[in-house]
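Quick note on the numbering used here: the sequence shown kicks off at 6 and runs consecutively.
Cβ coordinates follow ideal geometry from the N, Cα and C atoms, glycine included.
If you're wondering where the values come from, they're calculated on a predicted model, not measured in any experiment.
Here is the structure we will look at.
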Amino acid sequence: MNRITALAATVALAAGSLALATPTQAAPAKAQAYKVTAKANIEVAVAKEDTVKVKGRVTPKAAGEKVVLQQRVGNKKSWKSTGNAKIKKNGTYVLKDKPSTQGPREYRVLKPASKGLSKGYSKALAVEVYKWEKLVYRLSGPRVNVEPTGVLIGAEYYGQSLATTTSGTPSSVEYTLGRKCTDLRATYALTDSSATGSSGAVTVSADGAVLTTHSLSVGTVVADQVLDVSDVFRLKIDLATSATPAAVAAVATPEVLCTR
Numbered sequence: 006m007n008r009i010t011a012l013a014a015t016v017a018l019a020a021g022s023l024a025l026a027t028p029t030q031a032a033p034a035k036a037q038a039y040k041v042t043a044k045a046n047i048e049v050a051v052a053k054e055d056t057v058k059v060k061g062r063v064t065p066k067a068a069g070e071k072v073v074l075q076q077r078v079g080n081k082k083s084w085k086s087t088g089n090a091k092i093k094k095n096g097t098y099v100l101k102d103k104p105s106t107q108g109p110r111e112y113r114v115l116k117p118a119s120k121g122l123s124k125g126y127s128k129a130l131a132v133e134v135y136k137w138e139k140l141v142y143r144l145s146g147p148r149v150n151v152e153p154t155g156v157l158i159g160a161e162y163y164g165q166s167l168a169t170t171t172s173g174t175p176s177s178v179e180y181t182l183g184r185k186c187t188d189l190r191a192t193y194a195l196t197d198s199s200a201t202g203s204s205g206a207v208t209v210s211a212d213g214a215v216l217t218t219h220s221l222s223v224g225t226v227v228a229d230q231v232l233d234v235s236d237v238f239r240l241k242i243d244l245a246t247s248a249t250p251a252a253v254a255a256v257a258t259p260e261v262l263c264t265r
C-alpha cells in the first residue's frame, strides 16, 4: 500500500513539473476593424418626395470597395440592407434612399470585412418620415350632412373629396389627427352642381381654434391651401350652404401630412 502511494506521488510531481515547463499561449490579437463615420442631410423627410443622403468616410480608405446602407423602421429590432455604394479614392462615400412609407426610422452604414480587417459600422442616424395621405381615408369622428365623394369644380374632377348633401343644412365633419400630422392641404369651393347665385362658407378649426374661413360662391375657388396642423389633436370642418338657390360646398381632395 505504501509503495502504491509513493508511486502516485511521484507521478503527480512529474506532471506538475511538466505543466510548469510548458510555455503559456498568448490570446490571439483581435483584428482591427474599419472605422465608419456617417451624417444624413435631413432629419425629417416626406415619403416619395425627399431623398435621404448619407455621407461619410471609411478608415482605412478601402478605395473601390463597397459600403452598405442599412435601415430599420419603427420598432423593428433587425436591420435591413437597402443599398450600397463604392468608396472613393479619398475614403468618402455617398449613399441615397427615397423612403416610401411614413414613420420613424434609423440608418447606419456597414463596411464589410476585407484585407484582414473586421467589419465596421457607423452610428445610427434617426430620420422621421412623413407622408401625404387622403383625409377621407382616415376614420372620421362625428359627421353631419357631409359625405366622401368625387366632385366637379370648374369642370375639373376631384376624387376623394368631401361634399355637403342637403342644401341649407349645417354640415360638419371631424377627424382625429392625434398630434401626428404637420400640414393640411385642400381646395375649397362650391361644386358645379350648385345653382347660379348660390353661396356658402367653410371654416376649418383645430382643437376649437379657427385656422381659416372662406366665403364661397359659384366660380370662386380657394385652391391648394396649406394649413399648419402641427400638434393638433382634433380637426373640424364646418360647411354652410344656401338653400335657395341651392348650393353644394366641397372640400376637394383634402390631404394631411402625417408620420403615423
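Do residue 71 and residue 91 come within 8 Å of each other at the CB atom, strictly closer than that value? If you number the sequence shown from 1, residue 91 lands on position 86. If you number the sequence shown from 1, residue 71 lands on position 66. Result yes, Cβ atoms of residue 91 and residue 71 sit closer than 8 Å.
Of the listed residues 179, 188 and 169, nearest to residue 196 (C-alpha basis): The residue you call residue 196 lines up with position 191 of the sequence shown. Ranking 179, 188 and 169 by Cα distance to residue 196 puts 169 first.
Go ahead and label residue 246 buried or exposed: buried means 16 or more other beta carbons lie within 10 angstroms of its beta carbon, across all protein chains shown. Numbered from 1 along the sequence shown, position 241 holds the residue referred to as residue 246. Its Cβ being crowded by 16 or more others within 10 Å, residue 246 is buried.
Residues in its own chain within less than 7 Å of residue 229 by CB, not counting five upstream and five downstream? Locating residue 229 in the sequence shown gives position 224, where the first residue counts as 1. 190 and 192, listed in sequence order.
Thinking residue 167 and residue 178 are a contact (beta carbons under 8 Å), I'd like their distance in whole angstroms, please. Looking up residue 167 in the sequence shown gives position 162. Looking up residue 178 in the sequence shown gives position 173. Right, their Cβ atoms sit about 6 Å apart.
Quick check: the Cα distance between residue 250 and residue 158, rounded to an integer number of angstroms? Against the sequence shown, residue 250 aligns to sequence position 245. Against the sequence shown, residue 158 aligns to sequence position 153. C-alpha separation (whole angstroms): 17 Å.
Give the C-beta separation of residue 187 and residue 145 to the nearest angstrom, bearing in mind that I take them to be a contact with Cβ-Cβ under 8 Å. Residue numbering aside, residue 187 sits at position 182 when the sequence shown is read from its first letter. Residue numbering aside, residue 145 sits at position 140 when the sequence shown is read from its first letter. Not quite, the Cβ-Cβ distance comes to about 20 Å (not below 8 Å), so this is no contact.
Would you kindly check if the distance between the Cβ of residue 206 and the Cβ of residue 218 is under 8 Å? One-based indexing of the sequence shown puts residue 218 at position 213. One-based indexing of the sequence shown puts residue 206 at position 201. Yes, the pair counts as a contact, with Cβ atoms nearer than the cut-off.
Should residue 64 go down as buried or exposed, given a rule of 16 or more other Cβ atoms within 10 Å for buried? Within the sequence shown, residue 64 is the residue found at index 59, counting from 1. Exposed, because fewer than 16 other Cβ atoms sit within 10 Å of the Cβ of residue 64.
Residue 69 classed as buried or exposed, judged by whether at least 16 other C-beta atoms fall within 10 angstroms: Start at 1 with the first residue of the sequence shown, and residue 69 comes out as number 64. Exposed: under 16 other Cβ atoms inside 10 Å.
Can you tell me whether residue 112 is helix, strand or coil according to DSSP? The residue labelled residue 112 in the question sits at position 107 within the sequence shown. In the structure shown, residue 112 sits in a strand (DSSP, three-state: E or B).
Using the Cβ count rule (16 or more neighbours within 10 Å means buried), how would you classify residue 248? Taking the first residue of the sequence shown as 1, we reach residue 248 at position 243. It is exposed - the Cβ of residue 248 has fewer than 16 other Cβ atoms within 10 Å.
Whole-angstrom distance between residue 53 and residue 155, CA atom to CA atom: Sequence index remark: in the sequence shown, residue 155 carries index 150 (1-based). Sequence index remark: in the sequence shown, residue 53 carries index 48 (1-based). Answer to the nearest angstrom: the Cα atoms are 24 Å apart.
Residue 122 in three-state terms, based on DSSP: Locating residue 122 in the sequence shown gives position 117, counting from the first residue. Residue 122: strand per DSSP, three-state reduction.
Would you kindly work out how many angstroms separate the C-alpha atoms of residue 137 and residue 61, rounded to a whole number? Counting from 1 along the sequence shown, the entry for residue 137 is found at position 132. Counting from 1 along the sequence shown, the entry for residue 61 is found at position 56. Each residue's Cα considered, the two are about 30 Å apart.
Along the beta strand (DSSP E) that carries residue 259, what are the first and last residues, could you check? Residue numbering aside, residue 259 sits at position 254 when the sequence shown is read from its first letter. Segment 254-263, the beta strand (DSSP E) holding residue 259.
Just how far apart, CA to CA, sit residue 222 and residue 173? Walking along the sequence shown from the start, residue 222 turns up at place 217. Walking along the sequence shown from the start, residue 173 turns up at place 168. If I take the Cα positions, the gap works out to 14 Å.
Helix, strand or coil: which one does DSSP assign to residue 157? Looking up residue 157 in the sequence shown gives position 152. Note: residue 157 maps to strand in three-state DSSP.
DSSP three-state call for residue 39: helix, strand or coil? In the sequence shown, the residue the question calls residue 39 occupies position 34. Here residue 39 sits in coil by DSSP.
So is residue 47 buried or exposed if we call it buried at 16+ other beta carbons inside 10 Å? Numbered from 1 along the sequence shown, position 42 holds the residue referred to as residue 47. Counting Cβ neighbours within 10 Å, residue 47 comes out exposed, since fewer than 16 surround it.
Here's a check: name, in chain order, each residue in its chain whose Cβ is nearer than 7 Å to the Cβ of residue 194, leaving out the five neighbours to either side. Locating residue 194 in the sequence shown gives position 189, where the first residue counts as 1. Excluding positions up to five away in sequence, the list reads 158, 221, 225, 226, 227, 255 and 257.
Ignore the nearest five residues each way along the sequence and tell me which others in residue 118's own chain have a CB closer than 6 Å to its CB. In the sequence shown, residue 118 corresponds to position 113, counting from 1. Taken in chain order, the residues that qualify are 124.
Given a cut-off of 8 Å on the beta-carbon distance, is the pair residue 265 and residue 181 in contact? Here the question's residue 265 lines up with position 260 in the sequence shown. Here the question's residue 181 lines up with position 176 in the sequence shown. No. Outside cutoff.
Go ahead and pull the three-state DSSP assignment for residue 144. In the sequence shown, counting from the first residue as 1, residue 144 sits at position 139. Of the three classes helix, strand and coil, the one that applies to residue 144 here is coil, per DSSP.
Outcome for residue 26 when other beta-carbon atoms lying within 10 angstroms are tallied against a minimum of 16: On the sequence shown, position 21 is the one that residue 26 refers to. For residue 26, the predicted structure reports a pLDDT of 47, less than 50, and the residue's modelled location is therefore unreliable. A value from the coordinates is still provided. Under this definition residue 26 is an exposed residue.
Among the candidates 135, 78 and 204, whose CA atom is the shortest distance from the CA of residue 341? Here the chain has residues from 6 to 265 only, and residue 341 is not among them.
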